Amino acid sequence: MSDPAFAEQADVIVVGAGLAGLVATHELVKAGRKVLVLDQENRNNLGGQAFWSLGGLFMVDTPEQRRLGIKDSYDLALQDWLGSAGFDRDDEDLWGRQWAEAYVRFATDEKRDYLHELGLRVTPLISWAERGGSFADGHGNSVPRFHLTWGTGPEVVRVFAEPVLEGERKGLVGFGFRHRVDELIVEDDAVVGVRGSVLEETDLKRGKASSRNIVGEFEFRAKAVIVTSGGIGHNHELIRRNWPTERLGKCPETMISGVPAHVDGRMLGITESAGGAIVNRDRMWHYTEGINNWDSIWPDHGIRIIPGPSSLWFDANGKRLPAPCFPGFDTMSTMKEILATGYDYSWFVLTQSIIEKEFALSGSEQNPDITGKDLKFTLKSRLAKGAPGPVEAFKQHGVDFVVADNLRELVAGMNKIARGPQLDHDALERQIVARDRDVANKYSKDSQLMAITNARQFLGDKVSRVAKPHRILDPAAGPLIAVRLNILTRKTLGGLQTNLDSQVMRPDGTAFPGLYAAGEVAGFGGGGVHGYNALEGTFLGGCIFSGRAAGKALGAKLR
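As structure tokens, then:
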């Protein structure tokens, strides 16, 4: 505890020092409130998962979009959001739907200015993430909306951490690191504080799994508690328990973790035991393009490939995935298609030309040029011949990568690392040759080639994201590359149900006095603002929007 006496003066206790907790604390400090922030990890982990993120932000009708000729609007964005969310539960989606409308309005009217005033800037090129691939009113982004923070996740954390740390210096914020909350104190039907365990001190670097040895206990009280403890992304047991088998198929046997070990979901059960309502437990957002990190930071550390649209995608049996299961188009449809085979992995087959232009890796540490806000390094890294350094490192060292000069050698290498059936060279070759024949014309009946042609109509994609169509088996584009893709755990889309002030609801539909929640633990707002599908760039934004709502509401209420 930075100052034990401070705990007696706090107006609000924030449980979790990740992005949502920092945003809520920032707003409370602006309102002159005193805030005690508790976290089970050490100070090195300030900012939580957000630090490791690529820093993508979903924003609508921005100057950056307009400069690239993108015509976007609140109505179009809301159409995309609702078409993706598929809200269909009267009770569980009651607040999630309202949060969705409010969040898209925030992303259109306020988000950019709010972040800009804090010093955050974005790169000039907008990415087209989660493109969908069916109808205009279905899942996916109709236009590019993924704004990349100049500085990636650490910069998103910085713009909120700095004013919070200034609040600490002024005596408005106190931190209790290595303080794990085990219970919410409820008296007279209201939350009035927390109890928990003090964990042994550690100086471990950010992201490392830390000890859970208990060296003491604590009890703190305040006028309100905000739970901002994150989701269940590293708790594979909880993921398996809530896995939507009927909707997606059997839960994968092998999963790798896209978030650190402290993302354990503990506070969900603790808050439910105190009387809070959890909704949409079966809604999650895990990625199908996961690769094992050859230089891992946390246990089972996985990285997501953020792909352009040109790699050929095959299931474990060596059958090409159908539309709209193309790289970067429809995560949940692709998940279902992969798991329908009875196996929990799939394959990319591509060329050196494709990996150089189309492979990006999620994570701030995998993008040191942009993370470091080094313009010269960024231009050199992104425009020079060859793949970016971190991508090339995975190609050379990653256990999921196979590189070969011809298809027969490639298939032999794939079969060495397959967790399921042995692939047939001739069957794979027939499918690739059929696709390659269609490249001869600028038009095609191949849905993926049509999608590539469409993508290259957008200047940002043509310049920096989508390779010029070419034959996969063209030696000039080689060598050939195969990547074994694993299921990568990441986000919780359901969670604690909250109203638009981020106040936790009870199962009977009434607001729980003294208890608030924000960020992933609240399904990024309302217990499920995304519904069944996310549009990308919405997770950091959901932490910001819901944390802001909690801080503003309590800042006004506690005057």
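Note that the working numbering has the sequence shown beginning at -3, numbered continuously upward. For each residue, glycine too, the CB sits at the ideal point set by N, CA and C. Every value quoted in this text rests on a predicted model; they were computed, and no experiment measured them.
For this session: Under the assumption that H230 contacts V259 (Cβ atoms under 8 Å), give the Cβ distance between them as a whole number of angstroms.
Result: 4 Å
Problem set entry | Proximity to G519 [Cα-Cα], best of R544, G226, D432 and K412 | G226
For this session: Take N444 as the anchor and find which of P323, L403, R208 and G82 has the nearest alpha-carbon.
Result: Correcting the residue type first, residue 444 is Gln in the shown sequence and not Asn. When only C-alpha atoms are compared, the closest one is P323.
For this session: Indicate whether D35 and F216 have their beta-carbon atoms separated by less than 7 Å.
Result: Not closer than 7 Å, so no.
Exercise. Buried or exposed: G338, going by 16 or more other Cβ atoms within 10 Å of its Cβ?
Worked result: exposed
For this session: Using alpha carbons as the reference points, say which of E151, V8, A1 and E4 lies closest to G547.
Result: V8
For this session: Check the DSSP bridge columns for A186 and list the partner residues they point to.
Result: E183
Exercise. According to the Cβ coordinates, are A561 and K30 closer than 7 Å?
Worked result: Here the chain comprises residues numbered -3 to 555, so residue 561 is not present and cannot be evaluated.
Exercise. So is K372 buried or exposed if we call it buried at 16+ other beta carbons inside 10 Å?
Worked result: exposed
For this session: Give the secondary structure of G510 by DSSP, where H, G and I count as helix, E and B as strand, and everything else as coil.
Result: Three-state DSSP puts G510 in a strand.
For this session: To the nearest angstrom, report how far apart R415 and Y341 are at their CA atoms.
Result: Rounded to the nearest angstrom, the two C-alpha atoms are 8 Å apart.
Problem set entry | Opening and closing residue of the alpha helix (DSSP H) in which W290 lies | From DSSP, W290 is part of no alpha helix (DSSP H); its letter is neither H nor E.
Exercise. Does the distance from the C-beta atom of F142 to that of G533 stay below 7 Å?
Worked result: yes
Problem set entry | Rounded separation between R85 and V275 - CA only | 10 Å
Problem set entry | Closest Cα partner of E162 within the set N288, F131, T21 and S193 | Answer by Cα proximity: T21.
For this session: Could you tell me if D185 is buried or exposed, where buried requires 16 or more neighbouring beta carbons within 10 angstroms of its beta carbon?
Result: exposed
For this session: Could you pull the start and end residues of the beta strand (DSSP E) that A220 belongs to?
Result: A220 to V223
Problem set entry | Same chain, Cβ closer than 8 Å to T250, five either side skipped, listed in chain order | D340, Y341, R415, N482 and I483
For this session: Please determine, among R237, T58 and N38, the residue with the shortest C-alpha to C-alpha distance to S207.
Result: N38
Exercise. From this set, H135, W48 and T119, which residue's C-alpha is nearest W77's C-alpha?
Worked result: H135
Exercise. DSSP state of W146, grouped into three classes?
Worked result: Note: W146 maps to coil in three-state DSSP.
For this session: Answer yes if the segment 282 to 299 comes into contact with the segment 98 to 110, meaning at least three C-beta pairs across the two stretches below 8 Å, and no otherwise.
Result: no
Exercise. By Cβ distance, which residues of its chain are closer than 8 Å to R568, with the 5 residues on each side in sequence left out?
Worked result: Residue 568 falls outside the range modelled here, since the chain spans only -3 to 555, and no answer is possible.
Exercise. In three-state DSSP terms, what is L531?
Worked result: coil
Problem set entry | Cβ-Cβ separation, V152 to L15 (assumed contact under 8 Å), whole Å | About 7 Å separates the two Cβ atoms, so the contact holds.
Exercise. Taking the runs of the alpha helix (DSSP H) that are 4 residues or longer, which of them lie wholly in the segment 348 to 435?
Worked result: 348 to 354, 364 to 367, 371 to 379, 385 to 393, 403 to 413 and 421 to 433
For this session: Would you mind working out which of V479, D504 and D497 sits nearest A552, comparing C-alpha positions?
Result: D497
Exercise. Does the separation of the CB atoms of G527 and Q493 fall below 7 Å?
Worked result: No, Cβ-Cβ distance for G527 and Q493 is not below 7 Å.
Exercise. Taking the beta strand (DSSP E) that D89 falls in, what are its first and last residues?
Worked result: Segment: none, D89 is in no beta strand (DSSP E) and carries neither H nor E.
Problem set entry | Any beta strand (DSSP E) of 3 or more consecutive residues that is wholly inside the segment 46 to 117 | For the segment 46 to 117, whole beta strand (DSSP E) runs of length 3 or above, ordered along the chain, are 52 to 54.
Exercise. In terms of alpha-carbon separation, which member of Q348, G82 and R176 lies closest to I266?
Worked result: R176
For this session: Tell me where the alpha helix (DSSP H) around Q444 begins and ends.
Result: From DSSP, the alpha helix (DSSP H) with Q444 extends over S443 to A451.
Exercise. Does DSSP classify A518 as helix, strand or coil?
Worked result: strand
For this session: Identify every residue that forms a DSSP beta bridge with L499.
Result: Note on identity: in this sequence residue 499 is Gln, with Leu being the wrong assignment. Per the DSSP secondary-structure output, Q499 pairs in a beta bridge with Y512.
For this session: Let me know the secondary structure DSSP gives V459 once reduced to three states.
Result: helix
Exercise. Just the Cα atoms here: how many angstroms apart are Q499 and E88?
Worked result: 15 Å
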